[in-house]
Each structure stands twice: as C-alpha cells, then as structure tokens.
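In this note's numbering, the protein residues as written are 35 to 531.
C-beta atoms are modelled at their ideal positions from N, C-alpha and C, and glycine is treated no differently.
Single-structure report; data block below.
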C-alpha cells in the first residue's frame, strides 16, 4: 500500500474511535472506576456553584459543601475546565467532560502518529494509532472524568521530544520534552516516573553509559522534577505525601513477598493491554535501533518503578496501566517495520487478505465495546441514589455499604455517609474478624441514624453484618435495589457489639 492509503486507513480508524466514544455520551459515569470519576464530578460541581452568579438554594449550599469532603490529589485543572463550561452552558452537564477527554485523546493521537511514523513508517503509524483509538481500555478511559487521560495524552509528546533530541541533539527538543513533561506532571504527579524513565533511556540512547556528562540534560530533568515537586507540595502539605507513601507503598510492601500482586499485575496487562500485542511490542522495541530502544526501555523502567510504588493499585486498577498504551502502540509500529519486508514478498492477493484481516482485528474490539455499552444502562442506578436521598430525613447521619466509596450516593442523592468497608478493604487493612470494633467506631461512635445498603453482593459476603442488621434494627425502606435500616430503634434484646 502507498503512503496515502495508509493515511486514509489511519483517518478511518480515528473516525471509528471517535464514533464509538459518542455512543451513550450522556450516561452517568458508573461504567469505569466510578470512585475516581465521581470525585471529579463533586469537585466540578463545587467550583461551579462557587462561581455561579445569583442566589443559591439551601440544597445547592449542601451540594457545594459536598466537594469539600473530597481530598485533593492533584491540581484541579480538568475539574476547573469542566466547571467553567458549566457556567457557559448555564447548568451542570457532566457529559462535557467526555468531550474534553475526546479532544485530549485526539491530541495524543496526533503526537503518537508523528512519532510512530518516524519509527515504523506509514504502516506502523496506522497500526499505532489504531491501537490507541480502538483498544477497549483506551475507549473506556478516554470517556472518564479523571486526570489520567490528559496525562497519558501528553506522554507521546514527551516521547517525541526525547526521540528528536536523541536524533539531532538540538536544545529545542530538550525544552519540548521538558515542557510536555512538566505539563503532564502537573496534571498528575505519576507522570514523573515516565518522564524520568524516558529521559534516562534517551540519554543512554544518545551517549551510552556516558550519558551523565550531558549537562543540559541534567538541567532539564532535575529542573522539571523540582518544579513538579514544588507545585504538589504547595497544593498538598508534606504530611499528605508521607501519608500516601506510608499507606500505599510502605504498608503494602509486604504484598511483594506474596504472588498476589505479580499475578494481578500480569492479569491486568493481558486483559487491558492485550498479552500478545504487548509481547509483539516488546519484540519490536528490543529489535529496534538504539535511539528507539533507549527511550522505550526507559519508559518501561519508569512503569516498573511506578508499579512497585503502588502494589495494590497496579494489580487491581486498570487505569494505572493506561500510560503503557502509547508504549505498546509505538512498539507495534516498530514491529510492523520489521515485518514489512517479509509481507511485501507475499503475492498481492495474500497482501489484500492480510489487510482485510488486520482491519477486522482492529474493528472487533470496537464491536465488543459497543455491545458492553449497549448492555448496561446506568441511568436506573443513578436514579436509585437520587431516590435514597429523597427517602432519608435531612441532616441525619448515615453509614452506607455502597459502591464507589459512597461518592455516587453523595452526588446523585445528596447523602453524605460514613463508608462501611468491603471485604477486600478489610483484608487490605487487616480489619478481618473485627466486626464489633468496626460497628462501634463507624455506627455507635458516629451516632448514626440510618444504615444504607445498595451493594447486595457485599452484604451477602459479610454474614455478621447482615444478621445483626436484620435481627436488631427495623427496616425503614426496602426495595429490590436497596435497603435502609433505622438505627434509632434498636431491638432491646440485641447484644451491643
């Protein structure tokens, strides 16, 4: 195929990717890691109600206050953009976040195409962009209201800067990579692992083991890392940093002595990135020339360091693997370059069949994603949370065994709650077998008036809680989707846990 044909195929793949992202655009964001998305929705609502001119109702005062329950992990750039758009639209439209996500992802696709074309030619660029646009993980993540899609969309531009610097050594590419890395790090601090890894790999690709003599390289890398650190220490005090590291890194480090995180990590790669495609990308990277091999190896090194920092999340959260989507895409571009001479030796008929099969392989995951989207309608679940808010008396304290840390219940129903931990969370934080202590601290000490359950599967897993609630407290409201227990009227014959 000629270059123009590959370009046409690339545009077609991008168009298909854009189309699937518009499907059910206005659905509540309960499909992909709702905990993270509803945090951003609550923050955006708070900013919108703070900035909106005119009177504010008592209900909106409570809604505005709800955002202050959300801890800030990074600068609220995306949330600010969405809140400003709410002002222009004269109301909350949560789906606008998906439109911005799409714009971010297309921006990343452009940077990926520019770099993949240099690495793998027009054919490699088409394959890379197809993977970027049509991978089910990429489709779901690039519709989610969280900082990760923007951070990941900046990584191809960081990589492009480092690769061009390896090629010609011009200072402008150092500045390019540094500015893109700074922006990615501001969006989400985890980007520093990939920026630093790519920087190390690029320096090795340019100077080998003498990379430490690159004075300008040191200036850019150290300067960017210090700037990002300063920004985060400004918005979050040092105590938060120590809390995060002690809770999610040091406390969880014991899991590296078990097979659980390794198996979970590998399973996440296979299910979300595609095991065969990731392996093919690794082969392409290993067989490439030193400049490409260098920054791709550094990128992988950054990913490994990032994973070991968060052993639980890397084994359980699919979006923690999102930064590897452009890495796999670029590796596939290099693999295509390796295979191109062999494919060109095929008869024309065989080449045509191969092209059709490749196109079908690209479209197949889109069909799977479409079917999954069509099979799940989350509007009823959002309506359930709103109904719970209407059923509960105002200003009463609530404990809830519910999905996504209680954020959807707070957003749709206006019900702030103390979260009853799931079985996995009990196991993670060594709370198993402590039902009595948990009930005293979360229910009795809080003087809670109601216990809300929407997660039936989790309630069935916690037999002690289920039996105690059923035996000791009357049901306030029960439907097929939720139950509310009235904690104000305890059965006198029940033993206090």
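In this chain, the beta strand (DSSP E) harbouring residue 484 covers 484–487.
Residue 256 sits in a helix when the DSSP states are folded into three classes.
The C-beta separation of residue 197 from residue 333 comes to about 11 Å, leaving the pair out of contact by the 8 Å criterion.
Under the three-state reduction of DSSP, residue 94 is assigned to helix. About 11 Å separates the Cβ atoms of residue 472 and residue 452, ruling out a contact at the 8 Å cut-off. Here the stretch 366–379 does not lie against the stretch 351–358, with fewer than 3 beta-carbon pairs under 8 Å apart. Runs of the alpha helix (DSSP H) lying entirely within the stretch 124–180 and spanning at least 4 residues, in chain order: 130–168 and 170–175. Taking 8 Å as the upper bound for CB-CB distance, residue 163 and residue 44 are in contact here, some 5 Å apart. Under the three-state reduction of DSSP output, residue 86 falls in the coil class, being neither helix nor strand. Less than 8 Å divides the Cβ of residue 149 from the Cβ of residue 193. One alpha carbon belongs to residue 179, the other to residue 504, and they sit about 38 Å apart.
Residue 200 and residue 325 have their C-alpha atoms roughly 6 Å apart. Looking from the CA of residue 438, the closest CA among 236, 217, 71 and 305 belongs to 71.
For residue 395, the closest alpha carbon among the candidates 310, 381, 419 and 426 is that of 310.
In this structure, the alpha-carbon of residue 183 lies about 8 Å from that of residue 356. Boundaries cannot be given for residue 476, as no beta strand (DSSP E) includes it and DSSP labels it neither H nor E. Ranked by Cα distance from residue 190, the options 35, 139, 328 and 397 are led by 139. Close CB contacts of residue 419 within its chain, under the 7 Å cut and outside five residues either way in sequence, are with 442, 443, 446 and 447 (chain order). Of all C-beta pairs linking the stretch 82–99 to the stretch 54–73, fewer than three are shorter than 8 Å, placing the two stretches out of contact.
Across the set 215, 48 and 502, the C-alpha of 502 shows the shortest separation from the C-alpha of residue 525.
Going by C-alpha positions, residue 417 is about 41 Å away from residue 288. The C-beta of residue 222 has 16 or more other C-beta atoms within 10 Å across all chains shown, which makes the residue buried.
Here DSSP, grouped into helix, strand and coil, assigns residue 66 to coil. DSSP, reduced to helix, strand and coil, places residue 384 within a helical segment of the structure shown.
Apart from the 5 residues on each side of it in sequence, residue 358 sits with its Cβ closer than 7 Å to the Cβ of 307 and 337 in its chain, given in chain order.
When the five nearest sequence neighbours on each side are left out, the beta carbons in the same chain lying within less than 6 Å of the beta carbon of residue 436 are those of 443, 488 and 489, in order along the chain.
The stretch 90–110 makes no contact with the stretch 44–64: fewer than 3 CB pairs, one atom from each, lie closer than 8 Å.
Taking 8 Å as the cut-off, the Cβ atoms of residue 137 and residue 147 do not count as close. In the structure shown, residue 411 adopts coil according to DSSP, grouped into three states. Rounded to the nearest whole angstrom, the C-alpha separation of residue 384 and residue 393 is 14 Å.
Separation of residue 398 and residue 432 (C-alpha to C-alpha, rounded to the nearest whole angstrom) is 45 Å. Between residue 154 and residue 367, the C-beta gap is smaller than 8 Å, which places the two residues in contact. Of the candidates 318, 174, 208 and 118, the residue whose Cα lies closest to the Cα of residue 252 is 208.
Taking 8 Å as the cut-off, the beta carbon of residue 365 is found closer than this to the beta carbon of residue 315. When DSSP reads this structure, residue 356 sits in no beta bridge, so it has no partner.
The beta-carbon separation of residue 258 and residue 216, rounded to 5 Å, stays under the 8 Å limit for a contact.
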